[in-house]
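Under this note's numbering, the sequence shown has 121 at position 11, and the numbering climbs by one with no breaks. To keep things clear, I will list the structure first and then write my remarks on it.
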Amino acid sequence: MKSAIATAAAIRSGETTALAECDAAIARIEAGDGEINAVVIRDFDRARDAARAVDAGPKDARALLGVPMTVKESFDIAGLATSWGFAEHADHIAAEDAVAVQRLKAAGAVILGKTNIPVGLADLQTNNPNYGRTRNPHNLDRVSGGSSGGSAAALAAGFVPLEFGSDIGGSIRVPAAFCGVWGHKPTFGMLDTDGHYFPRTQGAAPNLSVIGPLARDADDLALALDLVSDLPLPRPAPRGAGEWRILVLARHPLAKASVAVAGAVEAVGTAFATAGSKVDYHSELLPDLVAQHENYMRILAVAMARGAPSPGGPPSTPMIVLLDRQAACRRAWRRLFREYDAVIAPAWGTTAFPHDDTPLADRTAMIDGEATPFAAQIAYPGLATFPLLPATSVPVGVDPDGLPIGVQVIADRYADHTAIAVARAAHDLVWSR
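In structure tokens, the structure reads:
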């Protein structure tokens, strides 16, 4: 399947048409999505009308001219349901498009429909009473991740080249890692979340949640980020693989990582070091990761209060104190990024796990034969979420069962394109070996 950039170029040159690309994507979904169950709201008639409009108009420079894509169910699209997986909100029909959807359409994208989510966007697997369970295209017995699990599965299955999701506890990065695709959690506040709200609310929430792109390659990921961002994000000067300053965190003090995942993170570090980059495996500049995680779970509990409760339970610390601690944590990370361009860590401590409907707070994660607390794994995505940093999830290999391994590349605030650039270098260094 062509990338989004290549598809738009082919439509622009007359090599193909928007309708042909739309029909091909619809055919892929209809033929392949039965057991995967990624694209759960299908708006194919309106998509074909939009594609015909592209073909009837000028073949202009719009970056996504005629590109078929899908978005996460939690984004409003006028005339379609936005339920966040809650049965009681199944009849909630959006009156207008989310800002992100508006910007994607303005760039020429043809929206085919919406992809599946867990109830309340509150799980790292995807299942709900409205649309059912989404399965990982690499192994149907494994999860696709969550909460952008349908997004990542649609990409991994080759249905579409581009998707848009959201992330508060790894909801872009973990599905991307589990499904072997790319995902980017932007710097907090850089992309307008208007129209990505809990149903029938106005979206008030603590400073954590972001929206962001998922894609099948780095170029499409960077393009989609720029198209939806409120302001231009700086791009780093081109560098070789040996010109970066990297801090590697293969494990978190509170969360176990499997031998396969930790080994993949370390292999990326070794590859950068071999190429000539500065690579460290410890730094005194790191904030107290235990305290960071504890405060993250407290503020996450507030953020998730409208949906399913956070595994951390209700917060016991006043919000103003948590915000003050968050600001201090951000300053600590800022000091660290004076010495490093990026931090590389697991996106999650395991690869895609078997479907498990045990309540989140009671669930265990089997890691190398050992049962460990599932909720502890949220420490890995929390590395970037609590200090509001950008992070790119990039595929870097497979485990002994053939399941994708992804790592996250964390960069300084507003250095989103640095995260993507380092992720691209990491992928190129280890994927070609």
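Beta carbons are placed, not taken as given, at the ideal position from N, Cα and C, and that holds for glycine.
With respect to the 8 Å criterion, threonine 236 and glycine 260 are classified as neighbours on the basis of their beta carbons.
Of the residues Glu353, Gly350, Arg361, Thr303, the one whose Cα lies closest to the Cα of valine 338 is Thr303.
Between the stretch 117-130 and the stretch 193-212 there are fewer than three C-beta pairs closer than 8 Å, too few to call the two in contact. For alanine 452, the enclosing beta strand (DSSP E) begins and ends at 452-456. Between tryptophan 292 and leucine 324 the beta-carbon gap is near 7 Å, inside 8 Å, which marks them as a contact. Leucine 335 and glycine 322 have their C-alpha atoms roughly 7 Å apart.
Judged by DSSP in its simplified three-state form, asparagine 405 adopts helix. Straight-line measurement puts the Cα of threonine 380 at about 8 Å from the Cα of valine 389. With at least 16 other beta carbons inside 10 angstroms of its own, serine 319 counts as buried.
Comparing alpha-carbon positions, the option among Leu499, Arg310, Thr474 lying closest to glutamine 487 turns out to be Thr474. With distances taken between CA atoms, threonine 427 lies nearest to Met407 out of Met407, Trp443, Arg444. Distances from the alpha-carbon of lysine 224 to those of Ala197, Pro178, Leu234, Asn249 put Pro178 closest.
Inter-residue distance for methionine 414 and alanine 372 is about 29 Å (C-alpha atoms, whole angstroms). Isoleucine 203 and isoleucine 187 have their alpha carbons spaced roughly 8 Å apart. Contact check between the stretch 244-255 and the stretch 294-312: fewer than three CB pairs, one atom from each, fall below 8 Å, which does not count as touching.
For alanine 401, the closest alpha carbon among the candidates Gly459, Thr384, Pro363, Ala411 is that of Pro363.
DSSP, reduced to helix, strand and coil, places glutamate 480 within a strand of the structure shown. Secondary structure at isoleucine 221: strand, using DSSP grouped into helix, strand and coil.
Taking all protein chains in view, the Cβ of valine 453 is crowded by 16 or more other Cβ atoms within 10 Å, so the residue is classified as buried. With fewer than 16 other CB atoms across the displayed protein chains lying within 10 angstroms of its CB, tyrosine 391 is exposed. The straight-line gap separating the alpha-carbon atoms of alanine 437 and glutamate 449 is approximately 20 Å.
The alpha carbon of valine 220 has as its nearest neighbour, out of Gly313, Asp155, Arg445, Val284, the alpha carbon of Asp155. When secondary structure is reduced to three states using DSSP, methionine 414 falls in the coil class, being assigned neither helix nor strand.
For the stretch 190-258, the continuous beta strand (DSSP E) assignments of 3+ residues that do not extend past its boundaries occur at 220-225, 249-253, in sequence order. In the DSSP assignment, the residues bridged to glutamine 518 are Ala455, Ser503. Ranked by Cα distance from phenylalanine 185, the first of Phe308, Arg444, Val431, Leu359 is Phe308. Within the same chain, and ignoring the five residues on either side of arginine 162 in sequence, the residues whose Cβ sits closer than 7 Å to its Cβ are Leu129.
In the displayed model, arginine 122 falls within a helix according to three-state DSSP.
Considered as a whole, the stretch 275-343 harbours 292-295, 320-325 as its complete beta strand (DSSP E) runs of no fewer than 3 residues, in chain order.
In the three-state reduction of the DSSP assignment, aspartate 398 falls in the coil class, being assigned neither a helical nor a strand state. The continuous alpha helix (DSSP H) containing threonine 384 extends over residues 369-385. Residue environment analysis places isoleucine 409 among the buried positions, since at least 16 neighbouring C-beta atoms fall within 10 angstroms of its C-beta. Here alanine 525 is buried, its C-beta having at least 16 other C-beta atoms within 10 Å. Here the alpha carbons of alanine 166 and aspartate 233 stand approximately 43 Å from one another. Of all alpha-carbon atoms in Arg355, Asp277, Asp133, the one lying nearest the alpha-carbon of glycine 386 is that of Arg355.
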